[in-house]
Amino acid sequence: MAAVMTIEELRHGLSRRKHLDKLFVVVGLLILMSCLGLLALLFLDLVRDGASRFGWDFLTQFPSRKAERAGILSAWVGTSMIMLVTAVVSLPVGVAAGIYLEEYAPKNWFTGIIEINVTNLAGVPSIVYGLLALGLFVYQFGFGQSVLSAGLTLALLILPIIIVGTRESLRAVPKAIREAAYGLGATRWEVTKDHVLPYSTGGILTGLILGLSRAIGETAPIITIGALSFIAFLPGSPVTGEFPFLNWDWLWSEFTAMPIQIFNWVSRPDQAFQQNAAAAAAILLGMTLAMNAIAIYIRYRFRKKINW
Amino acid sequence: MNTSMNTTLAEKAATPTFSIAMEERKVAAASSAKAIAEKLDFWYGTNQALKNINLRIAENHVTALIGPSGCGKSTFLRCFNRMHDLQADTKYSGSIMLHPENINLVAKEVDPIEVRMRIGMVFQKPNPFPKTVFENVAYGLRLRGFSGRTELAERVEKALRAAAIWDEVKDRMNESALALSGGQMQRVCIARALATEPEILLFDEPTSALDPIATAKIEELITELRQRVTVLIVTHNMQQAARVSDFTAFMYLGELVEVDATAKIFTNPSKKATEDYITGRYG
Ligand SMILES: Nc1ncnc2c1ncn2[C@@H]1O[C@H](COP(=O)(O)OP(=O)(O)OP(=O)(O)O)[C@@H](O)[C@H]1O
Ligand SMILES: [Mg+2]
């Protein structure tokens with residue numbers, strides 16, 4: 000049989016193409032390694048600089064004028080409380096908006112504009128959210144420079160992330176599953192609540208955690224609304240020993256947060272404070288990585304359970 | 000209804016005679032209609048997918064829809080449970096009258112959800128919910144407000160038995176339905192549709208994703224089902240149509256070319272197009 004090329008030509012050409020394939024692998028790996036390497040170096044550098052400060056005391060002491068006695072207690076407690084508000088507010092709002100846009104909204108110019116703007120919101124500089132929150136939450140609503148204002152601000156900031164994440168995971172539910180439920184006589188709400196939403200939980204929670212890990216490092220908006228950099232008290236505990244066991248005072252409390260504390264320490268000339276800043280930054284980075292790890296774990300768990 | 004007679008007729012479908020075909024036609028005339036499509040048109044946007052379909056669906060019989068790919072079989076089937084209402088920009092005209100109440104299934108003022116609660120569907124690819132076997136079959140009942148544990152369990156068992164899958168899953172009720180084999184999944188889907196005791200059951204190529212053994216099981220099941228439910232089945236497989244159905248309708252380019260007793264269609268079709276399609280399949 001006549002072929003377009005001899006076997007030698009064929010092998011020659013093939014080996015060249017295979018070389019190109021290998022080259023791409025090498026280049027790709029190099030680029031990837033240098034990115035990861037940079038991040039690892041940064042982390043190691045922070046850990047080395049802050050090494051002398053790690054310890055229980057660092058976590059359980061309030062800030063102080065003496066670097067070696069200063070800790071991040073009020074910062075990490077403040078950050079945790081803000082994240083709690085952010086999560087509790089942004090999750091239901093973002094998921095509801097995502098469900099509406101994906102499952103309910105008719106496809107017309109109006110919802111088209113809403114969709115484009117949701118995507119645009121993700122690109123708005125965070126300081127702009129800070130200014131908006133200063134006017135709206137702090138003054139207009141009178142929430143003051145509080146944990147509540149900060150939590151709401153960051154909730155706004157990550158809302159687009161959660162909406163987009165929700166929509167993507169809703170969309171991943173196969174049409175066949177929806178048709179099966181509709182075919183049995185389910186209403187749109189029943190299809191959503193019994194099927195689409197439960198099967199997208201993994202993706203939605205992943206979106207939430209990715210949003211929170213973005214929010215946890217945000218500095219500009221919470222400086223704008225008036226985070227304090229020196230706080231030597233803790234907001235009241237949300238849980239109490241007496242009935243009704245819940246206490247809302249913490250929402251109205253003044254606060255500081257991890258990035259604010261770091262920013263404050265970095266701007267001091269004293270070398271000892273630089274060490275504090277490095278240690279706190281390493282801890283903040285650790286918190287972010289831990290959140291991402293949780294997101295990956297959740298995704299893995301749900302993938303294993305639901306395998307389309 | 001003479002169901003035993005239909006079974007024997009289906010068996011004889013392989014070696015039919017003209018007199019048997021005549022006999023079957025008499026049966027068709029004698030059996031009452033469950034649904035009648037009249038002047039049914041359907042559009043996807045501006046594309047008319049069904050043109051002036053007139054078809055009588057005999058109660059407690061199996062009617063097969065055959066025809067080349069893209070001729071509108073699925074489109075027609077999905078009119079019966081108003082599945083098209085889920086897609087924007089679709090339009091029905093004409094009627095599908097459901098007996099005995101004489102409700103026009105495709106009329107705007109008829110609630111599609113009510114229609115789907117009376118007419119079940121089994122899809123081409125098995126599509127169980129990623130829930131337990133039990134919850135899959137119980138879902139339709141739950142939608143209808145059943146919640147008593149024992150009553151649910153009874154009805155689920157009954158449906159699974161009717162779908163000839165009970166013995167295989169009775170010890171796996173709380174396992175995910177996704178862990179079953181394709182053929183088992185499809186029978187769980189049939190049980191899911193049967194649990195709510197629909198008046199008509201629609202099958203859209205229910206075995207095209209399955210191996211021959213699973214296919215045989217489901218075909219056997221469909222021939223048994225006709226005793227309690229009216230079945231409408233789309234199939235690409237001529238032998239399957241011949242084996243399971245009492246009546247066969249041949250569709251071409253959105254139109255219904257011919258409908259008759261299955262034995263008659265496969266031995267002595269009255270239209271040239273039908274004959275070409277059937278013989279072309281077998282070479
Ligand atoms: N969702 C849809 N939107 C628009 N047009 C569609 C849609 N589904 C089908 N059609 C069109 O309608 C016509 C009939 O399609 P249908 O799926 O009913 O054919 P079919 O007979 O079931 O074919 P097959 O045997 O391949 O399943 C085709 O021309 C197809 O392109
Ligand atoms: Mg089809």
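Residue numbers (numbering that gives the first Met the number 0), protein chains in the order written: chain A, 0 to 307; chain B, 0 to 282.
We put the CB at the ideal spot given by N, CA and C, even for glycine.
How about residue i: is its Cβ closer than 7 Å to a heavy atom in ligand 2?
{"i": "Val-121(B)", "result": "no"}
{"i": "Asp-170(B)", "result": "no"}
{"i": "Val-243(B)", "result": "no"}
{"i": "Asp-193(A)", "result": "no"}
{"i": "Asp-203(B)", "result": "yes"}
{"i": "Val-105(B)", "result": "no"}
{"i": "Val-233(B)", "result": "yes"}
Indicate whether at least one CB of chain B lies closer than 8 Å to the CB of residue i.
{"i": "Ala-171(A)", "result": "no"}
{"i": "Lys-106(A)", "result": "yes"}
{"i": "Glu-114(A)", "result": "no"}
{"i": "Ile-176(A)", "result": "yes"}
{"i": "Ala-280(A)", "result": "no"}
{"i": "Ile-203(A)", "result": "no"}
{"i": "Tyr-299(A)", "result": "no"}
{"i": "Leu-183(A)", "result": "yes"}
{"i": "Ala-179(A)", "result": "yes"}
{"i": "Ile-305(A)", "result": "yes"}
{"i": "Tyr-198(A)", "result": "yes"}
{"i": "Thr-186(A)", "result": "yes"}
{"i": "Glu-189(A)", "result": "yes"}
Does the Cβ of residue i have 16 or more other Cβ atoms within 10 Å, making it buried, or fewer, making it exposed?
{"i": "Trp-264(A)", "result": "buried"}
{"i": "Leu-60(B)", "result": "According to the sequence provided, residue 60(B) is His. The question's Leu does not apply to it. Under this definition His-60(B) is a buried residue."}
{"i": "Lys-72(B)", "result": "buried"}
{"i": "Gly-150(A)", "result": "buried"}
{"i": "Leu-9(A)", "result": "exposed"}
{"i": "Ser-73(A)", "result": "buried"}
{"i": "Asn-135(B)", "result": "buried"}
{"i": "Asn-107(A)", "result": "exposed"}
{"i": "Thr-273(B)", "result": "buried"}
{"i": "Ala-289(A)", "result": "exposed"}
{"i": "Gln-86(B)", "result": "exposed"}
{"i": "Ile-81(A)", "result": "buried"}
{"i": "Ala-50(A)", "result": "exposed"}
{"i": "Asn-275(A)", "result": "buried"}
{"i": "Gln-260(A)", "result": "buried"}
{"i": "Arg-115(B)", "result": "buried"}
{"i": "Thr-205(A)", "result": "buried"}
{"i": "Trp-75(A)", "result": "buried"}
{"i": "Pro-62(A)", "result": "buried"}
{"i": "Thr-16(B)", "result": "At Thr-16(B), the pLDDT of 46 sits below 50, so the modelled position is not reliable and the matter cannot be decided from this model."}
{"i": "Ser-14(A)", "result": "exposed"}
In the DSSP assignment, what are the bridge partners of residue i?
{"i": "Arg-55(B)", "result": "Ile-35(B)"}
{"i": "Tyr-91(B)", "result": "Phe-41(B)"}
{"i": "Val-117(A)", "result": "Partner(s): none; Val-117(A) has no beta bridge."}
{"i": "Gln-47(B)", "result": "Trp-42(B)"}
{"i": "Ala-63(B)", "result": "Ile-232(B), Thr-247(B)"}
{"i": "Glu-257(B)", "result": "Phe-249(B)"}
{"i": "Met-120(B)", "result": "Leu-201(B)"}
{"i": "Leu-156(A)", "result": "Per DSSP, none; premise fails for Leu-156(A)."}
{"i": "Leu-233(A)", "result": "Bridge partners of Leu-233(A): none, in fact."}
{"i": "Asn-103(B)", "result": "Met-96(B)"}
Examine chain A for any beta-carbon lying closer than 8 Å to the beta-carbon of residue i, and answer yes or no.
{"i": "Pro-205(B)", "result": "no"}
{"i": "Ala-13(B)", "result": "Note that Ala-13(B) has pLDDT 42, beneath the 50 cutoff, so the model's placement of it is unreliable and no number is given."}
{"i": "Tyr-283(B)", "result": "This structure does not reach residue 283(B), given that chain B is present from 0 up to 282, and the question cannot be answered."}
{"i": "Met-184(B)", "result": "no"}
{"i": "Lys-263(B)", "result": "no"}
{"i": "Gly-119(B)", "result": "yes"}
{"i": "Gly-44(B)", "result": "no"}
{"i": "Phe-128(B)", "result": "yes"}
{"i": "Phe-17(B)", "result": "Bear in mind that the predicted position of Phe-17(B) carries a pLDDT of just 47, short of 50, making it too unreliable to give a figure here."}
{"i": "Ile-164(B)", "result": "no"}
{"i": "Phe-122(B)", "result": "yes"}
Give a yes or no on whether 8 Å exceeds the smallest Cβ distance from residue i to chain C.
{"i": "Thr-255(A)", "result": "The displayed structure is made up of protein chains A and B, and chain C is not among them."}
Between residue i and ligand 4, is the CB less than 7 Å from at least one heavy atom?
{"i": "Ser-269(B)", "result": "With respect to small molecules bound, the structure shown includes ligand 1 and ligand 2 and not ligand 4."}
Exercise. Listed in chain order, which residues are found with a beta carbon closer than 5 Å to a heavy atom of ligand 1?
Worked result: Output, sorted by chain position: Tyr-43(B), Ala-48(B), Ser-68(B), Gly-69(B), Cys-70(B), Gly-71(B), Lys-72(B), Ser-73(B), Thr-74(B).
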